[in-house]
Amino acid sequence: MSSVTASQGSLTVTAHPGDRAVLLAFDVDADHVKGLAGFSVRVTPQNGQPYWVKNRLGFTSALTSEKGLNDDGNKYIDTDQAPLQMFRWVHFPPTGAGTYRFDVTARYFDDPSTPTLKDGPSVSLQVELRDEEEASVSVGMTRGYVSSQAFIHQYGGNTELWPKNNPTPPLFDTAPYAQKYAFLGAHARELLFGFLDEARQEQADIDMFAYDFNEPDVVRALEQLARSGRTVRVYQDDASLHTGPHAAEPQVLELLKAAGAQTKTGHFKRFSHDKVLILKKGGKAVKVLAGSANFSLRGLYVQANSILVFDDPTVADLYEQAFEQAWTDPTGFPKSDIASKWFDQTLDGSPFSFSFAPHEDPPFSLRKVSDAIQGASSSVLFAVMEMSGSGEVMTTLKDIADDEKVLSLGTIESSGQLKLFRRGDDSSVVSFDYLRQHAPPPFDTEVDAGPGQHIHHKFVVCDFNGPDPVVFCGSSNLSAGGESSNGDNLLAIRDRTIATVYAVEAIRLFDHYNFRSNQTKATASNPMTLARDESWTAGYYDPKHIKCSERQTLIQVQVGPSEQERRETPSTGEEAAPVAKKVPSRVTPSTPPATKTPIAPPVRKATTKKAATKKAAARTTASRRSARTGTAKKATAKKAPSARPARKAATKSAAARKAASRPSARKRPAKKATAKKAPSTRSVRKATAKKAPSRSPVRKSLTRKKTEPASARRATKKVAAKRTTARRTKR
4 MSSVTASQGS LTVTAHPGDR AVLLAFDVDA DHVKGLAGFS VRVTPQNGQP YWVKNRLGFT
64 SALTSEKGLN DDGNKYIDTD QAPLQMFRWV HFPPTGAGTY RFDVTARYFD DPSTPTLKDG
124 PSVSLQVELR DEEEASVSVG MTRGYVSSQA FIHQYGGNTE LWPKNNPTPP LFDTAPYAQK
184 YAFLGAHARE LLFGFLDEAR QEQADIDMFA YDFNEPDVVR ALEQLARSGR TVRVYQDDAS
244 LHTGPHAAEP QVLELLKAAG AQTKTGHFKR FSHDKVLILK KGGKAVKVLA GSANFSLRGL
304 YVQANSILVF DDPTVADLYE QAFEQAWTDP TGFPKSDIAS KWFDQTLDGS PFSFSFAPHE
364 DPPFSLRKVS DAIQGASSSV LFAVMEMSGS GEVMTTLKDI ADDEKVLSLG TIESSGQLKL
424 FRRGDDSSVV SFDYLRQHAP PPFDTEVDAG PGQHIHHKFV VCDFNGPDPV VFCGSSNLSA
484 GGESSNGDNL LAIRDRTIAT VYAVEAIRLF DHYNFRSNQT KATASNPMTL ARDESWTAGY
544 YDPKHIKCSE RQTLIQVQVG PSEQERRETP STGEEAAPVA KKVPSRVTPS TPPATKTPIA
604 PPVRKATTKK AATKKAAART TASRRSARTG TAKKATAKKA PSARPARKAA TKSAAARKAA
664 SRPSARKRPA KKATAKKAPS TRSVRKATAK KAPSRSPVRK SLTRKKTEPA SARRATKKVA
724 AKRTTARRTK R
């Protein structure tokens with residue numbers, strides 16, 4: 004799955020594929036904003052009928068804190084009549100994975116007093132949403148019950164997810180809830196039960212780390228596996244919430260033991276917080292399932308969570324080593340080899356790193372995360388359960404808000420309320436008590452997941468659409484106490500597809516809760532409704548405003564050199580506008596919005612812009628590092644010299660180019676040697692022209708020695724100009 008971009012006239016649209024969802028980013032030239040009414044989006048599924056993306060807001064209907072989403076005929080409205088008045092949108096196609104065509108039109112007011120609309124420029128993009136079944140790594144998200152208003156409309160307000168008379172039974176008939184479970188558990192649930200079904204079909208053994216554990220069908224699958232003679236071992240957390248009189252876990256363990264499974268309970272220094280299944284064949288681990296989702300009703304059907312499946316024996320063996328250490332000697336875990344370092348692997352051509360806690364205090368694992376956040380050049384997106392813990396990551400995540408060059412955006416939940424966090428401030432706070440008491444029916448009966456457990460994610464994404472994307476995820480709460488006291492796993496994934504999936508999840512959670520937060524503040528005199536002029540665009544073109552940073556950052560598609568070589572050309576159909584699949588960077592965060600760089604430059608300029616982008620990235624990195632020269636951060640850099648070698652190299656290259664550009668440097672042999680290591684942009688262009696003469700004949704001709712006769716040089720230029728004109732005409 005690759006991000007795709009298309010431009011037509013003043014309109015540019017980028018589509019970032021997520022987990023069965025698409026983040027659409029819109030942009031319009033600054034001099035074409037006047038009269039902009041918003042964006043209309045029509046979706047055409049493969050072999051399906053087209054439909055309009057729908058809007059919650061309209062020009063005539065009004066939402067307030069007292070007036071529900073369904074009151075007075077206030078329904079969803081097609082975006083050809085109620086365009087989206089924001090520069091991004093996350094769409095969940097109801098048909099799931101597949102190929103989709105998105106037709107996006109900028110709409111303008113023809114008569115604001117009516118209001119009547121007219122079409123502006125339009126673009127088409129074709130986006131492929133795949134489940135990556137053939138890859139070594141699969142990622143799936145739950146929908147999150149309180150994060151899915153579509154659930155209410157699909158099931159008519161019936162919000163019951165388990166029998167009311169006994170809320171935590173280990174086994175009950177799940178048939179009446181099957182459709183709801185499939186809808187709410189979504190792709191994450193499919194990965195989980197696909198994993199268990201494979202174990203049954205392959206007659207495999209299972210080792211399991213469990214924290215919350217009461218999902219009836221998961222219990223049944225393991226029970227059946229144990230009764231069939233397979234080895235099933237469960238290491239269950241024994242905190243008070245899992246051992247008390249109302250806990251389901253003791254009943255679950257008794258059922259499994261009666262079926263022949265082996266069980267142990269423990270908690271390391273505090274919790275056994277992993278949520279892991281390891282599939283074994285012939286005594287060897289071959290596949291592993293991990294992530295943030297507990298094997299529980301709330302973990303799969305209420306909370307926002309993720310599940311990852313690694314179909315790789317080397318990775319599975321790492322998790323098996325952690326399990327064996329916990330099974331045989333949990334007290335010795337912090338000093339064991341499996342807890343001593345990051346373990347690096349390459350999967351599907353991308354670098355992955357794995358860390359297993361608890362570590363000795365202070366935990367080394369958080370250094371990699373905080374370094375990545377500090378080194379981010381464009382964006383830091385996140386969703387974390389709490390931010391009350393201590394340690395480098397929590398401090399750095401708060402500090403990044405002060406960096407105006409980086410888009411920081413995410414959700415942080417703690418103590419029954421949710422902070423919607425943007426650069427520089429907590430933009431708003433959502434109280435789940437309010438949502439239960441004042442949200443429109445049937446939201447007033449939504450399931451209470453308990454404090455800090457509506458958004459159960461623990462992930463941070465840095466530069467998802469930049470040259471070096473990385474996502475940190477797993478079961479770790481990213482706090483120093485957790486990494487030193489809990490059984491946990493933390494992953495660092497430098498894969499663009501996976502980073503984009505998590506980035507889309509971070510933005511969809513923010514946007515959903517931001518909408519509901521705004522509704523709590525809406526009054527009869529100031530309701531939520533669509534604007535009748537372009538006033539809604541305020542901030543999106545102000546370089547000092549967070550909205551401007553959002554607009555500029557999300558429209559980008561920037562890839563590294565190795566990725567650029569292996570990416571496939573996306574198809575857009577006969578009527579689609581040209582798609583720039585290899586765009587180094589449309590606009591940098593520091594570029595004023597009025598200066599718009601074409602998103603789909605001619606091929607002959609791609610190499611030049613790529614070199615310029617690298618040079619700009621090096622300068623940005625150098626300036627960011629010089630700004631962070633505190634004693635503590637200097638010490639951190641010395642302790643972890645390998646955390647960001649690529650950025651150090653970029654900084655050195657920038658320094659070398661600067662030295663080489665001085666007049667005195669060109670006279671000294673030593674400085675000339677330095678200049679060869681870091682050639683100027685013009686030198687790079689010359690070298691590139693020699694390697695690919697067909698892409699830049701004009702530039703190549705200009706590099707010829709001026710010892711040629713003037714007439715010969717003029718003739719050469721004329722030939723080159725004719726070839727260029729011919730190619731453009733052909734295109």
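Residue numbers (the numbering used here): 4 to 734. Beta carbons are placed, not taken as given, at the ideal position from N, Cα and C, and that holds for glycine. Just so we're clear, the structure is a prediction, and the values are computed from it rather than from any experiment.
Quick check on the burial criterion: 16 or more other C-beta atoms within 10 angstroms. Buried or exposed for residue i?
{"i": "residue 538", "result": "exposed"}
{"i": "residue 297", "result": "buried"}
{"i": "residue 20", "result": "buried"}
{"i": "residue 10", "result": "buried"}
{"i": "residue 249", "result": "exposed"}
{"i": "residue 528", "result": "exposed"}
{"i": "residue 175", "result": "exposed"}
{"i": "residue 17", "result": "buried"}
{"i": "residue 349", "result": "exposed"}
{"i": "residue 287", "result": "exposed"}
{"i": "residue 207", "result": "buried"}
{"i": "residue 613", "result": "Note on residue 613: pLDDT 41, under 50, position unreliable in the model; no value is reported."}
{"i": "residue 37", "result": "exposed"}
{"i": "residue 3", "result": "In the structure as shown, the chain begins at 4 and stops at 734. Residue 3 is therefore absent and cannot be evaluated."}
{"i": "residue 522", "result": "buried"}
{"i": "residue 181", "result": "exposed"}
{"i": "residue 547", "result": "exposed"}
{"i": "residue 469", "result": "buried"}
{"i": "residue 650", "result": "Confidence is the limiting factor: at residue 650 the pLDDT is only 40, short of 50, which leaves the residue's position unreliable and the question unanswerable from this model."}
{"i": "residue 168", "result": "exposed"}
{"i": "residue 332", "result": "exposed"}
Which partner residues does residue i have in the DSSP bridge list?
{"i": "residue 18", "result": "7 and 27"}
{"i": "residue 111", "result": "39 and 121"}
{"i": "residue 385", "result": "413 and 463"}
{"i": "residue 280", "result": "211 and 292"}
{"i": "residue 268", "result": "239"}
{"i": "residue 94", "result": "25"}
{"i": "residue 203", "result": "According to DSSP, residue 203 bridges with nothing at all."}
{"i": "residue 310", "result": "143 and 294"}
Can you tell which of the options has its C-alpha closest to the C-alpha of residue i?
{"i": "residue 361", "options": "379, 334, 353 and 375", "result": "334"}
{"i": "residue 40", "options": "226, 90, 51 and 509", "result": "90"}
{"i": "residue 34", "options": "544, 97 and 135", "result": "544"}
{"i": "residue 395", "options": "370, 310 and 31", "result": "370"}
{"i": "residue 508", "options": "497, 530, 405 and 476", "result": "476"}
{"i": "residue 743", "options": "271, 317, 301 and 309", "result": "No information on residue 743 is available, as it lies outside the stretch 4 to 734 that the chain covers here."}
{"i": "residue 130", "options": "217, 8, 113 and 62", "result": "8"}
{"i": "residue 204", "options": "227, 513 and 187", "result": "227"}
{"i": "residue 364", "options": "188, 353 and 393", "result": "393"}
{"i": "residue 532", "options": "51, 6 and 58", "result": "58"}
{"i": "residue 197", "options": "56, 212, 312 and 165", "result": "312"}
{"i": "residue 406", "options": "383, 413, 280 and 191", "result": "383"}
{"i": "residue 105", "options": "116, 52, 47 and 115", "result": "47"}
If you check the beta carbons only, do residue i and residue j fall under 7 Å apart?
{"i": "residue 173", "j": "residue 140", "result": "no"}
{"i": "residue 276", "j": "residue 489", "result": "yes"}
{"i": "residue 147", "j": "residue 23", "result": "no"}
{"i": "residue 487", "j": "residue 366", "result": "yes"}
{"i": "residue 60", "j": "residue 525", "result": "no"}
{"i": "residue 25", "j": "residue 13", "result": "no"}
{"i": "residue 102", "j": "residue 49", "result": "yes"}
{"i": "residue 380", "j": "residue 556", "result": "no"}
{"i": "residue 309", "j": "residue 295", "result": "yes"}
{"i": "residue 459", "j": "residue 388", "result": "yes"}
{"i": "residue 56", "j": "residue 15", "result": "no"}
Given residue i, which residues of its chain have a CB within under 8 Å of its CB, disregarding the five upstream and five downstream residues?
{"i": "residue 256", "result": "237, 239, 266 and 268"}
{"i": "residue 259", "result": "222, 225, 226, 229, 235, 237 and 266"}
Can you list, in chain order, the residues of its chain whose CB lies under 6 Å from that of residue i, leaving out five sequence neighbours each side?
{"i": "residue 764", "result": "Given a span of 4 to 734 for the chain in the structure shown, any question on residue 764 remains unanswerable."}
{"i": "residue 502", "result": "464, 467, 472 and 474"}
{"i": "residue 110", "result": "40, 41, 43, 86 and 120"}
{"i": "residue 328", "result": "336, 339 and 341"}
{"i": "residue 118", "result": "62, 112 and 535"}
Would you say the beta carbon of residue i is closer than 6 Å to some non-hydrogen atom of the ligand FAD?
{"i": "residue 559", "result": "For the ligand FAD, the structure offers nothing, since it holds no ligand at all."}
What residues in its chain sit with their C-beta under 7 Å from that of residue i, if we drop five residues either side in the sequence?
{"i": "residue 511", "result": "24 and 93"}
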